[in-house]
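Okay, structure first, notes after.
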Amino acid sequence: MKDQNQKKLNDSWGMRWGALAIVAFTMMAAYYVNDVAAPLKTMLESTLGWNSSEFGLFTGAYSFLNVFLLMLIWGGLILDRFGIRFTGKLATILMVVGTAIEYYAMTQMTDATQIVMGYKWNVLVASAGYSLFGVGAEVAGITVTKIIAKWFQGKEMATAMGVQVALARVGSQAAYAVAIPVARAYEITTPILIGLVCLVGGLVAFFAFSVLDKKLDRQLETAVDASPEDKFSFKDVKHIVCNPGFWLIAVLCVLFYSCVFPFQKFASELMITKYQIDENLAGTIAGLPALGALFLTPVFGGMVDKRGKAASIMMLGAAMLIGVHCVYALPFITASWVAIVLMIVLGIAFSLVPSAMWPSVAKIFPVNQLGTAYALIFFIQNIGLWGIPTLIGAVLDGFCVVGTTESGAKLYDYTLPMCIFTGIAILSLIVAFMLKAADRKYGYKLEEANIRK
Ligand SMILES: NCCCC[C@H](N)C(=O)NCC(=O)O
1 MKDQNQKKLN DSWGMRWGAL AIVAFTMMAA YYVNDVAAPL KTMLESTLGW NSSEFGLFTG
61 AYSFLNVFLL MLIWGGLILD RFGIRFTGKL ATILMVVGTA IEYYAMTQMT DATQIVMGYK
121 WNVLVASAGY SLFGVGAEVA GITVTKIIAK WFQGKEMATA MGVQVALARV GSQAAYAVAI
181 PVARAYEITT PILIGLVCLV GGLVAFFAFS VLDKKLDRQL ETAVDASPED KFSFKDVKHI
241 VCNPGFWLIA VLCVLFYSCV FPFQKFASEL MITKYQIDEN LAGTIAGLPA LGALFLTPVF
301 GGMVDKRGKA ASIMMLGAAM LIGVHCVYAL PFITASWVAI VLMIVLGIAF SLVPSAMWPS
361 VAKIFPVNQL GTAYALIFFI QNIGLWGIPT LIGAVLDGFC VVGTTESGAK LYDYTLPMCI
421 FTGIAILSLI VAFMLKAADR KYGYKLEEAN IRK
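The numbering of the sequence shown is the numbering used here, which starts it at 1 and goes up by one.
Right, dumping it as structure tokens:
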């Protein structure tokens, strides 16, 4: 019989935050790689000859396997069956291999321009790599949430989750800020190579974390680290999909995130061509929402905890998105300061909605259905992360070409794509409004504070 009062590894502040730092580093590298190719859109066009449809296909490929092969669902099952150490390592290996394939396609296959299924062969290989990376990144995302729940149970769990998301945003912002300057100073693929090296570092870090986690398991006397409460279960799926709150949150999630992540992927080019922002700075501006969210998400999270109003906050965030995308769509507003202010407003909306949305899921579903609910919501979210960039790329090529740049890349008028983003934002406001009405009808208590005085 073991001494129940024996101090465990996660009882030490330094140990649990050290463990978080290790896995958060892996996620930071994942978010960096996720975003680093986006600011290079125009350079990919002039250097590798990729058109907007091909860029859209590549960007949407992140979610392709997650959507069409249900990889998030399988990932959830693997996580429950084999635990966080195995799944985390597997997910990180997938990210490394996927990024290596993407890098190979962009460096060694530049001449592979034969058309297969309507796309250049090198585009398809790079997209396959990015798709594999996307499976790893999403599965790593659920795994890390579970790691935090295990290591911070009864401790600073919400803060730890906030810190992890904030550090991931640092990865995104770094990607947007360095991609163009580094690609111009070295090679177009150097920013991706940096990401690959960071991911290998993340893999080593995950192995180091596994040593700590194994030690914690021995102390906890648990052979399998998946606690029954948060296992992925097909029985729960039925309960969850019968709840109207699930559909409203999932649809709001896909609409809201479709207006942010896919928009950011095209935003660097919009900044350069419409607002005449310097190429070296355009990525930094496109990455501003991530930077803003880094500081504001914990602040708004605290507000939701203390004052509630989550449903109203989601409506406010969606309304702000409409304003932002609508002004970006106006062809006669071309001042660079307006573009920058709009990005800051987008950053505020990008902090408001997630800090109200994710805790709301925890109010609608009991703890034992949370893991399954998050996996299903991420699955539906990935449909938008695949479909919207693919659509925007095709719309740019089909309807928006207005000339050619000096470097040979096409020049696009972004009015129509921005109208599409505005339309999606309007739909997200309608759904947020319906969620508030459902909250009143079904008593989810979304408007109530989490912390009672
Ligand atoms: N560009 C990162 C995509 C991450 C998608 C992920 N499923 C997610 O929603 N994460 C939460 C977040 O706010 O980043």
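Note that the Cβ used here is the ideal one computed from N, Cα and C, for glycine as well.
- Taking the Cβ of Gly141 as the reference point, at least one heavy atom of ligand 1 falls within a distance shorter than 7 angstroms.
- The DSSP-derived three-state label of Lys410 is strand.
- Exclusion of the five residues before and after Cys198 leaves Ala29 and Tyr32 as the residues of its chain whose Cβ lies within less than 7 angstroms of its Cβ.
- Taking a 10 Å sphere around the C-beta of Leu270, we find 16 or more other C-beta atoms and assign the residue as buried.
- Collapsing the DSSP output to three states places Gly171 in a helix.
- Within the DSSP bridge table, the entry for Lys120 names Ile115 as partners.
- Judged by pairs of C-beta atoms under 8 angstroms, the region 109-120 does not touch the region 335-351, as fewer than three such pairs exist.
- By DSSP's assignment, Thr404 forms a beta bridge with Lys410.
- In the DSSP annotation of this structure, Pro366 is not part of any alpha helix (DSSP H), being labelled neither H nor E.
- A straight-line Cα-Cα distance of about 39 angstroms links Lys89 and Ile340.
- C-alpha of Pro359 to C-alpha of Met161: approximately 11 angstroms in a straight line.
- For the 8 angstroms CB-CB criterion, Ala174 and Asn34 do not form a contact.
- Proximity to ligand 1 was defined by a C-beta distance below 5 angstroms to any of its heavy atoms, and the residues meeting it, in sequence along the chain, are Asn34, Phe261, Pro354 and Phe378.
- Here Ile380 has Ala250, Val251, Cys253 and Val254 as same chain residues with Cβ atoms under 8 angstroms from its own Cβ, once five neighbours each way along the sequence are excluded.
- Closest in alpha carbon position to Lys265, among Ile73, Ala319 and Lys41, is Lys41.
- Per DSSP, the unbroken alpha helix (DSSP H) holding Ala91 starts and ends at Met71 to Gln108.
- With respect to Ala282, Ile180 sits close: the two C-beta atoms are nearer than 8 angstroms.
- In this structure the region 107-118 does not lie against the region 67-84, because fewer than three pairs of beta carbons, one per stretch, are closer than 8 angstroms.
- Pairing Arg184 with Phe378, the inter-Cα distance amounts to about 35 angstroms.
- Counting other Cβ atoms within 10 Å of its Cβ, Arg218 stays below 16 and is therefore classed as exposed.
- Rounded to the nearest angstrom, the Cβ distance from Tyr103 to Ile192 is 5 angstroms, consistent with a contact under 8 angstroms.
- Within a 10 Å sphere around the beta-carbon of Gln164 sit 16 or more other beta-carbons, which makes this residue buried.
- For Ile322, the CB contacts under 7 angstroms within the same chain, skipping 5 residues up- and downstream, are Thr422, Ala425, Ile426 and Leu429 in chain order.
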